[in-house]
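2 protein chains.
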Amino acid sequence: METHSHEYYMQQALRQARIAFDADEVPIGAVVVWDQKIIARGYNQVELLKDPTAHAEMIALTAAFNQLGSKYLMDATLYVTIEPCLMCCGALYWSKVGQVVFGGTDVKNGYKKTTGTQHPFHPKTKIIEGILAEECIQLMKDFFSKKR
Amino acid sequence: METHSHEYYMQQALRQARIAFDADEVPIGAVVVWDQKIIARGYNQVELLKDPTAHAEMIALTAAFNQLGSKYLMDATLYVTIEPCLMCCGALYWSKVGQVVFGGTDVKNGYKKTTGTQHPFHPKTKIIEGILAEECIQLMKDFFSKKR
């Protein structure tokens with residue numbers, strides 16, 4: 001039984017994205033929710049770690065595996081502010097995560113670009129998109145306009 | 001100028017795969033070569049870390065970024081014993097790695113299953129497959145027959 005809305009948890013992912021923004025990283029954030037609780041958080045740390053795989057989702061997933069001591073997340077939901085890329089999709093596939101909820105779409109790097117209509121997640125993973133999409137995308141726009 | 005053959009480096013990746021085999025992990029290994037030298041190694045550690053994203057390629061890539069202090073690997077080659085999955089492809093895409101050389105194909109989990117003919121790597125990444133394929137696949141077969 002969920003007492004909090006998708007918007008509530010996406011706000012928590014947005015908090016992570018804002019930490020990235022303040023650290024001059026592409027502002028994407030993620031949280032993993034299990035049994036109504038946030039068990040893991042992550043924000044993009046590509047520049048800090050000089051590691052292009054250090055995406056918010058990868059960091060949140062690895063934290064969640066550590067937290068639960070399990071390599072599967074069937075009963076968990078991952079919230080992320082922006083549509084996952086192919087790598088993060090692959091990681092979410094392996095985790096067998098129950099649900100993926102994302103905010104804004106990413107025409108350039110999102111998974112749909114490569115996989116098209118083919119569902120690259122685990123067959124049982126439920127996908128929900130568009131939660132707080134405007135806020136999530138606005139933060140990205142603010143970041144990239146600051147860069148120019 | 002490469003003084004060593006692809007087979008030589010794939011043998012090094014196979015050594016990593018055998019470490020995984022001995023640790024009761026799915027036996028896949030990888031090395032990253034830069035300027036003719038092996039700068040990073042990795043083997044599958046999914047069970048040890050209870051992290052389904054701890055694939056040989058991911059570990060070798062992260063080690064390579066750390067080693068070079070760079071988030072791009074344009075001049076490097078990643079050797080891996082088995083066709084990368086979608087997640088590892090995505091990671092290799094972000095790394096802009098110069099070359100990916102793999103041994104055996106993986107009909108079940110390899111990237112081609114989802115992406116089909118679409119090339120999911122960076123446009124400049126060169127792909128070579130089939131190096132020591134029989135040995136790479138035999139190690140996998142030995143592992144899974146031991147499991148049954």
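Chains A and B, in that order, are what the protein sequence lines are. Residue 43 in our numbering is what sits at position 43 of the first sequence, and the numbering runs on without skipping anything. Residue 111 in our numbering is what sits at position 111 of the second sequence, and the numbering runs on without skipping anything. Note that the Cβ used here is the ideal one computed from N, Cα and C, for glycine as well.
Give every residue of the same chain whose Cβ lies closer than 8 angstroms to the Cβ of residue i, excluding the five residues on either side of it in the sequence, and list them in chain order.
i, result
"K126 of chain A", "G98, Q99, V100"
"I128 of chain B", "H6, Q99, V100, V101, F102"
"Y9 of chain B", "V31, V33, I38, T77, Y79, V101"
"P21 of chain A", "Checking the displayed sequence, the identity of residue 21 of chain A turns out to be Phe instead of Pro. Once the five neighbours on either side are set aside, the close Cβ partners of F21 of chain A are P27, L139, D142, F143."
"G69 of chain A", "none"
Compare the Cα-Cα distances from residue i to each of the options and report the closest residue.
i, options, result
"G110 of chain B", "B:E57, B:D142, B:F21", "B:E57"
"P84 of chain B", "B:K147, B:G29, B:L68, B:F65", "B:G29"
"F143 of chain B", "B:R15, B:V26, B:Y72, B:H119", "B:V26"
"L86 of chain B", "A:T114, A:N66, A:I82, A:A63", "A:T114"
"Y93 of chain A", "A:P120, A:I19, A:N44", "A:P120"
"L48 of chain A", "B:K141, B:K71, B:K96", "B:K71"
"A91 of chain B", "B:L61, B:Q67, B:L68, B:K112", "B:L61"
"C136 of chain B", "B:K112, B:D106, B:K147", "B:D106"
Does any residue of chain A bring its CB to less than 8 angstroms from the CB of residue i?
i, result
"P27 of chain B", "no"
"M87 of chain B", "yes"
"L61 of chain B", "yes"
Would you mind reading off the limits of the beta strand (DSSP E) that contains residue i?
i, result
"I127 of chain B", "126 to 129"
"F102 of chain B", "99 to 104"
"K141 of chain A", "Counting along the chain, K141 of chain A falls outside any beta strand (DSSP E), though it belongs to the alpha helix (DSSP H) covering 133 to 147."
"M72 of chain B", "In the sequence on display, residue 72 of chain B carries Tyr and not Met. Careful: Y72 of chain B lies outside any beta strand (DSSP E) and carries neither H nor E."
"A40 of chain A", "37 to 43"
For residue i, which residues of its own chain have a beta-carbon under 6 angstroms away from its beta-carbon, when the five flanking residues on both sides are left out?
i, result
"V46 of chain B", "P52, A54"
Would residue i count as contacting chain B if we go by Cβ distances under 8 angstroms?
i, result
"M58 of chain A", "yes"
"F65 of chain A", "yes"
"V31 of chain A", "no"
Residue i: buried (16+ other C-beta within 10 angstroms of its C-beta) or exposed?
i, result
"G104 of chain B", "buried"
"G130 of chain A", "exposed"
"I59 of chain B", "buried"
"Q138 of chain B", "exposed"
"S145 of chain A", "exposed"
"P123 of chain A", "exposed"
Which same chain residues, not among the five before or five after residue i, have their C-beta less than 7 angstroms away from its C-beta?
i, result
"E7 of chain A", "I131, L132"
"Q16 of chain B", "G29, A30, V31, R41, G42, Y43, A56"
"A64 of chain B", "V32, I39, A40, L73, A76"
"A13 of chain B", "G29, A30, V31, Y79, V80, T81"
Got a sec, what are the start and stop residues for the alpha helix (DSSP H) residue i sits in?
i, result
"Y79 of chain B", "Careful: Y79 of chain B lies outside any alpha helix (DSSP H), inside the beta strand (DSSP E) at 76 to 82."
"K112 of chain A", "112 to 115"
"V26 of chain A", "From DSSP, V26 of chain A is part of no alpha helix (DSSP H); its letter is neither H nor E."
"T53 of chain A", "That residue, T53 of chain A, is in no alpha helix (DSSP H); it is neither H nor E in DSSP."
Please compile the residues from chain D whose C-beta is within a distance smaller than 7 angstroms of the C-beta of residue i.
i, result
"D51 of chain A", "The chain inventory of the structure shown lacks chain D, comprising the protein chains A and B."
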